[in-house]
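*Asks:* For the protein sequence lines, the chains are A and B, in the order given.
Quick note on the working numbering: the first sequence kicks off at 137 and runs consecutively.
Quick note on the working numbering: the second sequence kicks off at 137 and runs consecutively.
Here a beta-carbon is modelled for each residue, glycine too, at the ideal position from N, C-alpha and C.
Keep in mind it's a predicted model, so treat the numbers as computed, not measured.
The structure is given below, and queries will be raised subsequently.
2 protein chains.
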Amino acid sequence: MARMLTWSDRFTPYARRIIPSAIRGLASLPRAADTISFGPGEPDPTLFPVDEVAERLNRIMAEPAVARAALQYGPTEGDMALRERLCGYMAAKGVKCSPANILLTNGSQQALDLVVELLVQPGATVMAQIPCYPGALQIFSAHGAEVVPPGAQGPRPALIYAMATFCNPTGLSLAEDQRGDLVALARRLDTVLVEDDPYEVLRYDGTELPPLLGFERSVEEARTFYLGTFSKSVAPGFRVGWIVAPSEVIEKLVLMKQSEDLQAGTLAQACLAGLFDFATTVHASRLRDAYRIRRDAMLSALDLEMRNLAHWKVPDGGFFLWLTLPGIKDATALLARAAVAGVTFVPGAAFHAGAGGENALRLSFSAAPVGRIAEGVARLAQVVRDSPV
Amino acid sequence: MARMLTWSDRFTPYARRIIPSAIRGLASLPRAADTISFGPGEPDPTLFPVDEVAERLNRIMAEPAVARAALQYGPTEGDMALRERLCGYMAAKGVKCSPANILLTNGSQQALDLVVELLVQPGATVMAQIPCYPGALQIFSAHGAEVVPPGAQGPRPALIYAMATFCNPTGLSLAEDQRGDLVALARRLDTVLVEDDPYEVLRYDGTELPPLLGFERSVEEARTFYLGTFSKSVAPGFRVGWIVAPSEVIEKLVLMKQSEDLQAGTLAQACLAGLFDFATTVHASRLRDAYRIRRDAMLSALDLEMRNLAHWKVPDGGFFLWLTLPGIKDATALLARAAVAGVTFVPGAAFHAGAGGENALRLSFSAAPVGRIAEGVARLAQVVRDSPV
């Protein structure tokens, strides 16, 4: 008699390739009761514009025709008012585009997944700077792609993935000439450059740099696709992001999104369209002020506690600091000890497709209370000092 | 010199297989200014519980801690309070399950797409009753599956798809013994039965039948996956649906959803958790009363106008009536004439994977004002009478 099929026997190769992310398992580590978390890269919920969201929801719900439209099905492409505002936003970055160049997605995670579904087949190569955002590595591996560094020799890559501004996990940005070089590399390799830009609004120092897409002659002729999100600038719970690409590409992505989940949330999009001007001016400025203080608090504490234990570079924005610890051989084992001592982070290995990052870690200053950052860094320094050599 | 790659040269086989749905093109047909639409299967937005949604949003936003949680990232599996309420809802249908058996999705469209990604590879066979929901046909074709009728000879199908209650497009339901037979067929063929159940709350006549999943010994041992949605019972703009399946299957689907878009909207889920009891009792009863009147108005008008022109069966619920017109050879051409005459519908061909349905059409009574249904049916009858034989 034939053996009964197990569930995993029935799963497709795609489904089988998807395995839990390294970060996911870390949440269940035993830890001290008063643990200070530098782990998750979540925005601080006390900075969400609750009053303004509430007011906008009230306005939508107070007008029956508006309320009904916000609760009904909407176009797969997304809310036209929101796409028009995004055109203005992109124009201020030097990128001229029309609503036909924009698809609204469930956050930029879905935008990236759609682009990978569009371009990447099993066995393909994807170029990405390592260390890299684990959510992107998860998508690449789910689609059977091998990750290689930008400029690596080999077959034409299916795409180049880049977080050029305040990169997760390093916090660092590409300089202007490096941006131009990356766009030129994509053209020379005849491939697509995917610019993931979730942190761009959170600049604390220095002058704004043009996005990679700004180095293209026009969006219609571009091989750079731009991914944006409201998850950092307003709130992730709305699950709304966007992609800017040539209209022929958007048309195909729209069909894919229609087949996969019809559309992003209608009420969420209506709310964000109404909040747009506030979010990109007053609120963005508030966020920068609040997170800058945390970054500076973490930098001060690192200078005080870890100057002889670790190396880091100062990020001009975003949520993260990347530490390299010459005396540490396994940052994942370090995390287990740190959690017991009351501080957490994400080990560097989580940002690598294969080996690597064992002596590095990511600190997020976005969600820890500012008054506890120094204590958290002191605890970390103590655990590093106490580590076996 | 090598030819420059076009965009479509770069697209994956999956992306290339996705083509516009037949329904999509129909929206742009020239039509009379006062056209009565029996086309889209959308709920009537005047029946959305706007006041109750507004009140619930107010309550969420009034409590800072609750508001912040509703705007923050949430678990990929979905809001625990909402999953717990769904367990109670499923229990009332005779299905005992725990939150570990439930994943919240962006509507049931995403639930079906995830299941197909989980189980269906290009070249596979999917069994589905034809005529069939076009959104399901689009997913099957995108994944390279061939659709065959239930019970067809051939290799083991990757899954059987069924809308057992108030089917889109026929409006009809499987009888109790047919339900048991279908569950037994899936077991005999050693495959998975996917029960898509978006209209179950909208029963106007007759007694409730157990879902297909209710014929399984337990959810953990089931090969039936149940797909539900709030799109008909509350509002589609929230984009929240759910899937009930064995916990091992849910675990894998959670990882896939995490990779694809992290999670459904947090605020939407919080709002639906709060509305749950109202939605499934008072509001469900209101919806049934309102839509029953429309169904009856359409049935009366059909009896009056089309008794000699078409055949139909009376649906006990849902949004749709399915007409077969012996005198019509091409319902798509009929639609073009009908739109000019001021009435629209969806031609039967849209619900077929290949040929078929040319002499049939779907009428939706969900969104047309009740006072115009008789006029719309009269216009349709006139166009049918005027059609070349």
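1. Using the beta-carbon count (16 or more within 10 Å), is Val337 of chain B buried or exposed?
2. Using a Cβ-Cβ cut-off of 7 Å (strictly less than) and excluding sequence neighbours within five positions of Val450 of chain B, which residues of its own chain qualify?
3. If you draw a straight line from the C-alpha of Leu218 of chain A to the C-alpha of Pro347 of chain B, how long is it?
4. Could you check where the beta strand (DSSP E) with Trp378 of chain A kicks off and where it finishes?
5. Which residue comes first and which comes last in the beta strand (DSSP E) that contains Gly271 of chain B?
6. For Glu253 of chain A, which of helix, strand or coil comes out of DSSP?
7. Look up Trp127 of chain B in the DSSP assignment and give the residues it is bridged to.
8. Considering only residues of the same chain and omitting the five flanking positions on each side of Ile154 of chain A, which have a CB-CB separation below 6 Å?
9. By how many angstroms is the C-alpha of Thr171 of chain B removed from the C-alpha of Leu165 of chain B?
10. Short of 6 Å in beta carbon distance, which residues of its chain neighbour Ser144 of chain A, apart from the five on each side in sequence? Order them along the chain.
11. Where does Tyr362 of chain B sit, in a helix, a strand or coil, going by DSSP?
12. Go to Thr261 of chain B, then tell me how far its alpha helix (DSSP H) extends in each direction, as first and last residue.
13. Does any residue of chain A bring its CB to less than 7 Å from the CB of Phe414 of chain B?
14. Taking 7 Å as the CB-CB limit, is Ala386 of chain B close to chain A?
15. Can you pull the chain B neighbours of Glu331 of chain A, defined as C-beta to C-beta under 7 Å?
16. Take Leu423 of chain B as the anchor and find which of B:Val251, B:Thr343, B:Ser502 has the nearest alpha-carbon.
17. In the structure shown, what three-state DSSP assignment does Ile429 of chain A receive?
18. In the DSSP assignment, find the unbroken beta strand (DSSP E) run with Val283 of chain A in it and report its ends.
19. Start and end of the beta strand (DSSP E) containing Ile386 of chain A?
20. Decide if Met137 of chain A is buried, meaning its Cβ has at least 16 other Cβ atoms within 10 Å, or exposed.
21. With DSSP run on the structure shown, which of helix, strand or coil describes Leu297 of chain B?
22. Closer than 8 Å by C-beta to Leu389 of chain B: which residues in its own chain qualify, once you throw out the five before and the five after it? Chain order, please.
23. Name the chain A residues whose beta carbon is nearer than 7 Å to that of Leu254 of chain B?
24. What residues are listed by DSSP as bridge partners for Val482 of chain A?
25. Check whether the Cβ of Met216 of chain A lies closer than 7 Å to any Cβ atom in chain B.
26. Which whole runs of the alpha helix (DSSP H) in the stretch 166-213 of chain A are 4 residues long or more, in chain order?
27. Buried or exposed for Asp215 of chain B, please, with buried defined as at least 16 other CB atoms from any protein chain shown within 10 angstroms of its CB.
28. Report all residues from its chain with a CB closer than 6 Å to the CB of Asn242 of chain A; omit the five preceding and five following residues, and keep chain order.
29. Quick test of your reading: Pro524 of chain A and Asn495 of chain A, contact by CB under 8 Å. State the CB separation rounded to the nearest angstrom.
30. Use the C-beta contact count for Leu438 of chain B: other C-beta atoms within 10 angstroms, 16 or more gives buried, fewer gives exposed.
31. What are the residues in the stretch 190-221 of chain B lying within 8 Å of chain A by C-beta distance?
32. Assess contact between the stretch 186-195 of chain A and the stretch 187-194 of chain B, defined as three or more Cβ pairs (one per stretch) separated by less than 8 Å. Is contact present?
33. Per DSSP, which one or two residues make a beta bridge with Leu490 of chain B?
34. Taking contact to mean at least 3 C-beta pairs separated by less than 8 Å, is the stretch 255-273 of chain B in contact with the stretch 287-296 of chain B?
35. Check the Cβ-Cβ distances between Thr402 of chain A and every residue of chain B, and say whether any is below 7 Å.
36. Closer than 8 Å by beta-carbon distance: list the chain A residues that pair up with Gly243 of chain B, in chain order.
*Replies:* Answer, in terms of the structure:
1. buried
2. The residues are Leu435.
3. Cα-Cα distance, rounded: 40 Å.
4. Segment 377-380, the beta strand (DSSP E) holding Trp378 of chain A.
5. Premise fails: Gly271 of chain B lies in the alpha helix (DSSP H), 270-278, not in any beta strand (DSSP E).
6. helix
7. Given a span of 137 to 525 for chain B in the structure shown, any question on residue 127 of chain B remains unanswerable.
8. Ala278
9. 11 Å
10. none
11. strand
12. Thr261 of chain B -> not in any alpha helix (DSSP H); beta strand (DSSP E) instead, spanning 261-264.
13. no
14. Note on identity: in this sequence residue 386 of chain B is Ile, with Ala being the wrong assignment. No - not a single Cβ of chain A is within 7 Å of the one on Ile386 of chain B.
15. Chain B residues near Glu331 of chain A: none, gap ~17 Å exceeds 7 Å.
16. B:Ser502
17. helix
18. 282-284
19. Element bounds for Ile386 of chain A: not the beta strand (DSSP E) but the alpha helix (DSSP H), 383-397.
20. Note that Met137 of chain A scores a pLDDT of 44, beneath 50, so its modelled location is shaky; the value from the coordinates is reported in the next line. It counts as exposed.
21. The identity of residue 297 of chain B in the sequence shown is Tyr, whereas the question assumes Leu. Strand.
22. Leu239, Leu250, Val251, Leu254, Ile379, Ala381
23. Phe147, Thr148, Ala151
24. DSSP links Val482 of chain A through a beta bridge to A:Arg498.
25. It does not; no Cβ of chain B falls within 7 Å.
26. 186-198, 200-207
27. buried
28. Only Arg375, Ala400 meet the Cβ criterion.
29. About 14 Å separates the two Cβ atoms, so there is no contact after all.
30. Buried.
31. Ala190, Leu193, Asn194, Met197, Ala198, Pro200, Ala203, Arg204, Ala205, Ala206, Leu207, Gln208, Tyr209, Gly210
32. They touch, by the three-pair rule.
33. Reading the sequence as shown, one finds Gly at residue 490 of chain B and not Leu. DSSP output for Gly490 of chain B lists no bridge partner at all.
34. Three or more Cβ pairs closer than 8 Å define a contact, and the stretch 255-273 of chain B meets that threshold against the stretch 287-296 of chain B.
35. Yes, its Cβ sits closer than 7 Å to a Cβ of chain B.
36. Asp397, Leu398
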